[in-house]
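Here the sequence shown is numbered in the working numbering, starting from -11 and rising by one per residue.
Note that beta-carbon positions come from the ideal geometry of N, C-alpha and C, so glycine has one too.
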Amino acid sequence: MAPRLQLEKAAWRWTETVPPEAVAQEHIEAAYRVRLEPCQRGACRRNCRGNPNCLVGIGEHVWLGEIDENSFHNIDDPNCERRKKNAFVGLTNLGATCYVNTFLQMWFLNLELRQALYLCPSACSDGVPKDTDYEPQSICEHLQYLFALLQNSKRRYIDPSAFVKALGLDTAQQQDAQEFSKLFMSLLEDTLSKQKNPDVRNIVQKQFCGEYAYVTVCNQCGRESKLVSKFYELELNIQGHKQLTDCITEFLKEEKLEGDNRYFCETCQSKQNATRKIRLLSLPCTLNLQLMRFVFDRQTGHKKKLNTYIGFSELLDMEPFMEQKNGVHVYELSAVLIHRGVSAYSGHYIAHVKDPQTGEWYKFNDEDIEKMEGKKLQLGIEEDLAEPSKSQTRKPKCGKGTHCSRNAYMLVYRLQAREKSLTVEVPAFLQELVERDNCKFEEWCNEMAEMRKQSVARGKIKHEEVKELYQRLPAEAGSPYDFISLEWLQKWLDESTPPKPIDNTACLCSHGKLHPDKISLMKRISEYVADFFYRRYGGGPRLNVKALCKDCVVERCRILRLKNQLNEDYKAVTNLLKVTVKGNDGFWVGKASLRSWRQLALEQLNEQDEDAEHSNGKMNGNAQNKDESNEEKREEEEELNFNEDIVCPHGLPNTLGCWADSPCHGSVPAGDLCISESERRVVSREAWEKLKQYFPKAPEFPNNTECCSQCKLLEREGEENEALHKMMASEQKTSLQNLFHDKCRPCLGSWPQETDELYIVSQFFVEEWRKFVRRPTRCSPVSSIANSALLCPHGGLMFTFASMTKEDSKHIALIWPSEWERIQKLFVVDHVIKITRMQGPDAEGTHYTSEPQLCPECREGLLCQQQRDLREYTQATVYVHKVVDNKKVMKDAAPELNVSSSEAEEEREENKPEGEQDPDFNQANGGTKRQKLSQQSYITYQTQGIRRSTRHRKVRGEKALLVSANQTLKELKIQIMHAFSVAPFDQNLSMDGKLLSDDTATLGSLGVIPESVILLKADEPIADYAAMDDVMQVCLPEEGFKGTGLLGH
């Protein structure tokens, strides 16, 4: 038994010997556990809820031990935001702007670029008024100010919001970093081209611009054609390569122009075979090498990332790749830009950049900057990311001075220089602005430090106060005391939640005093501390010694004694029920009541306690449970009380659930005894007397009591009705044998020759009549055919002859004239509906008329409503049917995503050539182009059609999908991709001979209705299902930098 339950039992043990009328003050204090020994600190691990004198484990340990000053406040140390000595300044990530931050840090450490930007004249070169904030007016001014802050700010990181806003970038959308680099360099070059200072005007060309030539040589005459072009970075394909030098070699490799791709030679004046290659003419000081990790995947129609390792060295000799070999072209690695993540549409950008002044490497990760040890580049954890594919590629071994990465997307090399690096000074006006920002930062640091100091001072005062009050919290024996809420005490000891006024109302009984059952939620404290609490925090009501409720204790004593007596009486009644009753000296008792009488008695004893709790809830304003309690009360009233299970329906009271000691002291009418003897038994008078002690208002039936006369009469009538229904069912079945068995039924599609008239009834009438004939004792007889359901409000027929042969045939049943005569005798006919065949002259064909005639207006309205229902569905099933070779369906559906494929599928994968298993095989090796399906042949196959019954039967190669009318065709294609592993780009969908091609159109507008069959023809299966992961990450078309300042907007 748990300690709390032990304390509960001990608190009321005295009730075994003390009757309710003898309850004294000592018994009341025992019930409220006033005299329990308080727990000692160290001996009690956690608070004892059953002991109101246990004041251990309520949160006091925080205040009694050594106090850490940091616990008195939630303000971080402002010095943590201060820039460390000889450290760089970070940049805040505004959401998804890490790609911008990496380039800003890389450009900042290009000292020549920084120097040129500082030389760029500004509108505020003469100084900014002290009473106004500085607002840069151009991209150059934004970069100037940003670089000045990165150089001399005292902050650990700065906010680039103004720069990002000036460019018009969406901070919540991650963009292509390589595209951003190109567009920004172009924008910067265009902006600086207006400067007069040549060192400023030409800085982008000097630092980043090189030249190469497209050279075409005619194989016939040897004529050489050269087209010179500038470049700011070299875009290198990495597919199929392992080393950076291999990528550069492929970039410069010779290409043959033959066949349809021959070159028109100006000298030969005809198309000739030729060769074409790129020749490097000059290289810039800073060589940007873009590794094309993000490529367009034709199968998915979206970008994907190539997570292949590429090796590169810290020194790169470009001499072998130059057209002219007479120069020094040795470069050293200065930056590595990293994309962490496996998808092209998510992940994180960081930069490893070398400080040109010290030669040390730093990792720039937004606000955090880490210095590498030993002046060495350490890619580290950036290469430890798990790949999505099952086959994990091992990292190649790298020699000294070389590195390899599967996440590097840009390598930056600087021309090796012998002279010392520049020393860049911040211009005076920019330094003044930086000093202003530093002053603001210092003011903020001082303000935060002062707030921390004040919080610590307040905390120390509170600490001393709490320590003193806690020492005086226990109530001494014989001293005045108060009960107070344990929850409030815990909040008082919790510094993070300032205590509210004391509220003890939830623990009151119906008499307005402390409820004995709520003692586990309260603690007994000294009057001195209670006075302090109520003076400072207010609230109430106060619960002192006068709040101990004698009425509740006396009532509980009575109930507990009755419960103890109940156990003895239960054993006695059980033994008495084993004795056979002789003569008429017994009483009828319901078997169900006998099985549950002990539980019913317990519920009766607990009822007053429950009523007291409910009344307490109402008094305390808990009105939100009013409806719930009323609902529970209604449910309880629906249950029968003791011995009412053998009262017939004519004798049950209108209001159930009235016990002898309940507030409702109305008499319960005895009623009459039910007629079912299987539900009751006779008990002895002695057993009945014991039961009557607990249920004095229970219905009493001596064993010579007559059963209810009304029930006997109804039983006889029921037997007669059953016999009558059986006779009716037999007669109707004999008269309409074929209609019942659904045999020899007429059909409008092939009109029977032996009659020119057929009658119509509702199919619902036929089904209900068949139910009655099958089970006449359980189902009610059908009296009317109710043909009004087939007519409109004007009395016209709602169906055409053609529709009754097809889709509306399920609503009607056709009746032979002979059957109709019998139906008119057996049932009430509200409306006669008849179809007549009219034989015309030889020149004219047969036609059909109906009585009543069709109502065109109502029929039109019905069709419109049906069409609206078909176009406005929310959850409906459509069937997608995959076809192969325009003839046959697939025998097996394609393996679904995230589900292992069949053995045959695996065998086919194993038998493929090695190159075909590579998802990049076709792109890298110039594989054959997939042939699009011919629209004509596709529609030809569609128009042949597939005959279907009203109930759809699935065939192989077909899958059911749940769709809504307002979802787009593109969303449906995504569902089909999951079901058939066919990318949306390769899906050709059609329905009823019509191609479905508008991805933005909704299914409702395309005419797709519930139970539609959509044919799917795939251009070709996709070998790499993992390549489709990125498709789900792109819901909207890519807009890139459209609408931003990078494109001149």
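With 16 or more other Cβ atoms from the protein chains shown falling within 10 Å of its own Cβ, LYS870 counts as buried. For GLY849, no beta strand (DSSP E) encloses it; the enclosing alpha helix (DSSP H) starts and ends at 844 to 859. ALA160 is classed as exposed because its beta carbon has fewer than 16 other beta carbons within 10 Å across all chains shown. One Cα belongs to THR990, the other to LYS982, and the distance between them is close to 15 Å. Between the region 765 to 772 and the region 696 to 716 there are three or more inter-stretch CB-CB distances shorter than 8 Å, so the stretches are counted as touching. Per DSSP, reduced to three states, the secondary structure at PRO690 is strand. For MET94, same chain residues with a beta-carbon under 6 Å away, outside a window of 5 residues either side, are ALA323, ALA339, VAL341 in chain order.
Ranking THR85, HIS638, LEU224 by CA distance to the CA of LEU240 puts LEU224 first. Within the same chain, and ignoring the five residues on either side of ARG668 in sequence, the residues whose Cβ sits closer than 7 Å to its Cβ are TRP576, VAL577, GLY578, LYS579, ILE634.
Taken atom to atom, the span from the alpha-carbon of GLY329 to that of LYS441 is near 44 Å. For GLU221, same chain residues with a beta-carbon under 6 Å away, outside a window of 5 residues either side, are ASN276, GLN278 in chain order.
Put simply, of ASN98, ARG71, ARG189 the residue whose alpha carbon is nearest the alpha carbon of SER141 is ARG71.
Taking the C-beta atoms as reference points, ALA136 is found no nearer than 7 Å to VAL188. The alpha helix (DSSP H) runs of length 4 or more contained entirely in the region 218 to 301 are, from start to end of the chain, 232 to 239. Annotation: PRO805 to GLU710 spans about 31 Å, alpha carbon to alpha carbon.
Within the same chain, ARG144 come within 8 Å of CYS68 by CB-CB distance, once the 5 residues on both sides are set aside.
By alpha-carbon distance to PRO186, the top candidate from LYS170, LEU171, CYS108 is CYS108. A direct Cα-to-Cα measurement between THR862 and SER1000 gives close to 14 Å.
Runs of the alpha helix (DSSP H) lying entirely within the region 76 to 160, each at least 4 residues long, are 86 to 96, 99 to 107, 127 to 140, 149 to 155 in chain order. In the displayed model, PHE728 falls within a helix according to three-state DSSP.
The beta carbon of TRP585 sits closer than 7 Å to the beta carbons of PHE630, LEU679 from its chain, once the five residues preceding and following it are set aside; these are given in chain order. Taking 4 residues as the minimum length, the alpha helix (DSSP H) runs contained wholly in the region 721 to 792 are 725 to 729, 751 to 762, in order along the chain.
By the criterion of a C-beta distance shorter than 7 Å, GLY389 is surrounded in its chain by SER301, GLU302, LEU303, once the five residues flanking it on both sides are discounted. For LYS982, the secondary structure class from DSSP, reduced to helix, strand or coil, is strand.
Bridge pairing for SER213: THR204 [DSSP]. Looking at the DSSP output, ASP470 shares a beta bridge with ILE513. Judged by beta-carbon spacing, GLY447 lies beyond the 7 Å limit of ILE490, meaning their Cβ atoms are not closer than that value.
For GLU420, the enclosing alpha helix (DSSP H) covers residues 416 to 459.
As a beta-bridge residue in DSSP terms, SER672 pairs with GLY574. Assignment of beta strand (DSSP E) within the region 790 to 822, counting only whole runs of 3 or more residues, yields 800 to 803 in chain order.
The region 530 to 549 makes contact with the region 13 to 22, as at least three CB pairs between them are under 8 Å.
Going by C-alpha positions, PRO40 is about 21 Å away from HIS499. SER776 has its alpha-carbon roughly 56 Å from the corresponding atom of GLN592. With a 10 Å radius around the Cβ and a threshold of 16 neighbouring Cβ atoms, ILE449 comes out exposed. In the assembly as shown, ARG102 is a buried residue. Its beta-carbon has 16 or more other beta-carbons within 10 Å. In this chain, the beta strand (DSSP E) harbouring ASP356 covers 356 to 359.
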